[in-house]
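Residue numbers (the UniProt record's numbering), protein chains in the order written: chain B, 1 to 169; chain V, 1 to 169.
Number of protein chains: 2
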Amino acid sequence: MADLKAGVNQLFLREEELRTGMELLFYAYREFTSEPDEILGEIGFGRAHHRVIYFVGRYPKITVSELLAILKITKQSLSRVLGELVRQGFIDQQTGARDRRQRLLQLTDKGVELERQLSETQRQRIARAYRMAGAEAVEGFRKVMMGMLDDGDRAKFTPPAPARLATKR
Amino acid sequence: MADLKAGVNQLFLREEELRTGMELLFYAYREFTSEPDEILGEIGFGRAHHRVIYFVGRYPKITVSELLAILKITKQSLSRVLGELVRQGFIDQQTGARDRRQRLLQLTDKGVELERQLSETQRQRIARAYRMAGAEAVEGFRKVMMGMLDDGDRAKFTPPAPARLATKR
DNA sequence: CCAACCGCGTCAACATGGCTGACCTAAAAG
DNA sequence: CTTTTAGGTCAGCCATGTTGACGCGGTTGG
């Protein structure tokens, strides 16, 4: 009897635990994107622009195909937003030296400034959460989040440099 | 000299740490939604349908306005997907007893089955991540995620309405 | 009791950001 | 020299968000 009850309760907690995880992800992601979205809206951009700006800032001289591999969208989708960002002077493209088909992307000063502005609230939000939770919790957070990724994504965090640097250049 | 270097390095680590958090969120959310999205695509639904099904399953007899408050979308947006789900027999509506203007929403058997199917891969993903990371890490994960929410969302986890004790998590 | 408010639905129009498919150029690689 | 690759472009479709306007019926307070 006690065994049965304990079993049921454990199942309940487990179900509840998993649901909590799902919801935390939903709510956190939504809040996480809401503030940049507002700024973006004012200048006629959307979340897709932010992602491009972010990753170009993260990996200067990234190529279009590397960016596509990170974002996992089609080149037509990327092209729309990337084109606007280039035309409006947030990103510049330089022809690759080794392979002149490549367009190496990097933020202009204007792009750096926008990136900083957009990501500032997100950095603050994360910094606040890290501070409130403590170093040990942050380590746990990272472990769990890593566990949710597919191998391909996980690899981006483990090596000293992103995969692109390790492969042929 | 050593002091300066340490200071710089610490700043770098902090920046790196925050970026890691941002990216974990981005990648994890994308992977988290990708599998249900595939199933949904096959039956002509999208992610929005999943969210509605999920929260109606989570809170049976939820009203339309409560659902709107959770999803934070306009009633026109909700109406589109909710209408389809009702028409196709995944959700049924019953007039509120206390307030007959309300439509209390709940999953039909068909709806429960779809919810289970859609969320199964997500549950597995989270369960796997929790298992790999360990109980302590899960606790840290939850702390950090909670810290990223706004007060309104956070409140949903601390004192939810029914059937939830003051279990320390 | 009735006017005002509220819960919900609906029509119309628009924006964003995904998608497929077709087709192009120029550079690299065999 | 032919094929493959990196990148771009046009055209159209779809899902899902938005605003604004309006209607219906139920609730509620003066």
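For glycine and all other residues, C-beta sits at the position ideal for the given N, C-alpha and C.
Please decide whether Leu40/V counts as near chain B, where near means a Cβ-Cβ distance under 8 angstroms.
So, not an interface residue.
Mind reading off the beta-carbon distance from Leu78/B to Leu71/B? Whole number of angstroms is fine, and I expect it under 8 angstroms.
Yes, they are in contact, since the Cβ atoms of Leu78/B and Leu71/B sit about 7 angstroms apart, within 8 angstroms.
Check whether the Cβ atoms of Arg87/B and Arg19/V sit closer than 8 angstroms, and answer yes or no.
no
So the beta strand (DSSP E) Leu105/V belongs to, where does it begin and stop?
Arg103 to Leu107
Identify, in the order they occur along the chain, each residue of the same chain with its Cβ nearer than 8 angstroms to the Cβ of Leu165/B, setting aside the five sequence neighbours on each side.
Unreliable placement is indicated for Leu165/B, whose pLDDT of 44 sits below 50; no coordinate value is reported for it.
Would Tyr59/V count as contacting chain B if we go by Cβ distances under 8 angstroms?
no
If I measure Cβ to Cβ from Arg14/B and keep anything under 7 angstroms in the same chain, skipping five residues before and after, which residues do I get?
none
Who are the Cβ neighbours of Gln117/B in its own chain at under 8 angstroms, not counting the five residues just before and after it?
Cβ within range, chain order: Ile39.
For chain V, find out if any of its Cβ atoms is closer than 8 angstroms to the Cβ of Arg19/B; answer yes or no.
yes
Distance, Cα to Cα, Gln93/V vs Leu105/V?
5 angstroms
Helix, strand or coil: how does DSSP classify Ile62/V here?
strand
Would Phe157/B count as contacting chain V if we go by Cβ distances under 8 angstroms?
yes
Determine whether the Cβ of Asp153/V lies closer than 8 angstroms to any Cβ atom of chain B.
yes
Counting C-beta neighbours from all protein chains within 10 Å, is the total for Gly140/B 16 or more, i.e. buried, or is it exposed?
buried
Could you say if the stretch 126-145 of chain B and the stretch 147-154 of chain V meet the contact criterion of at least three C-beta pairs nearer than 8 angstroms?
yes
Here's the rule I'm using: 16 or more other beta-carbon atoms within 10 Å means buried, otherwise exposed. How should Ser65/V be labelled?
exposed
Just checking: is the beta-carbon of Arg128/B within a distance shorter than 8 angstroms of some beta-carbon in chain V?
Cβ-Cβ to chain V under 8 angstroms: yes for Arg128/B.
Return the bridge partner residues of Ile91/B from the DSSP annotation.
Leu107/B
Straight-line CA distance for Val81/V to His49/V?
6 angstroms
Would you please verify whether the beta carbon of Glu115/V is less than 8 angstroms from any beta carbon of chain B?
no
What runs of the alpha helix (DSSP H), each 4 residues or longer, lie entirely inside the stretch 125-166 of chain V?
135-148 and 151-155
DSSP on Asp99/B, reduced to helix/strand/coil?
coil
From Phe32/B, Tyr130/B, Ile91/B and Phe26/B, residue whose alpha carbon lies closest to that of Val56/B:
Ile91/B
Do Tyr27/B and Val144/V have their beta-carbon atoms positioned less than 8 angstroms apart in this structure?
no
Contacts that Glu136/V makes with chain B (C-beta to C-beta distance below 7 angstroms)
Here the neighbours are Gly140.
Can you check which of these residues, Arg51/B, Thr63/B, Pro36/B and Met22/B, is closest to Arg98/B by C-alpha distance?
Thr63/B
For Phe45/V, would you say it is in contact with chain B, using Cβ-to-Cβ distances shorter than 8 angstroms as the test?
no
Does the CB of Leu118/B have a neighbour CB from chain V at under 8 angstroms?
Taking a beta-carbon distance threshold of 8 angstroms, Leu118/B does not count as an interface residue toward chain V.
By alpha-carbon positions, which one of Gly41/V, Tyr54/V, Gly152/V and Arg142/V ends up nearest to Val112/V?
Tyr54/V
If the cut is a Cβ gap below 7 angstroms, which residues of chain V does Phe32/B touch?
In chain order: Leu25 and Met148.
When DSSP labels each residue in this structure, what does Phe26/V get in the three-state scheme?
helix
When Arg101/B, Leu24/B and Val52/B are compared against Gly152/V, the one with the closest alpha-carbon
Leu24/B
Tell me whether Lys72/B sits in a helix, a strand or coil according to DSSP, three-state version.
coil
Quick check on this structure: which residue in Glu35/B, Ala155/B and Glu31/B has the alpha carbon closest to the alpha carbon of Arg154/V?
Glu31/B
Under three-state DSSP, which class holds Gly41/B?
helix
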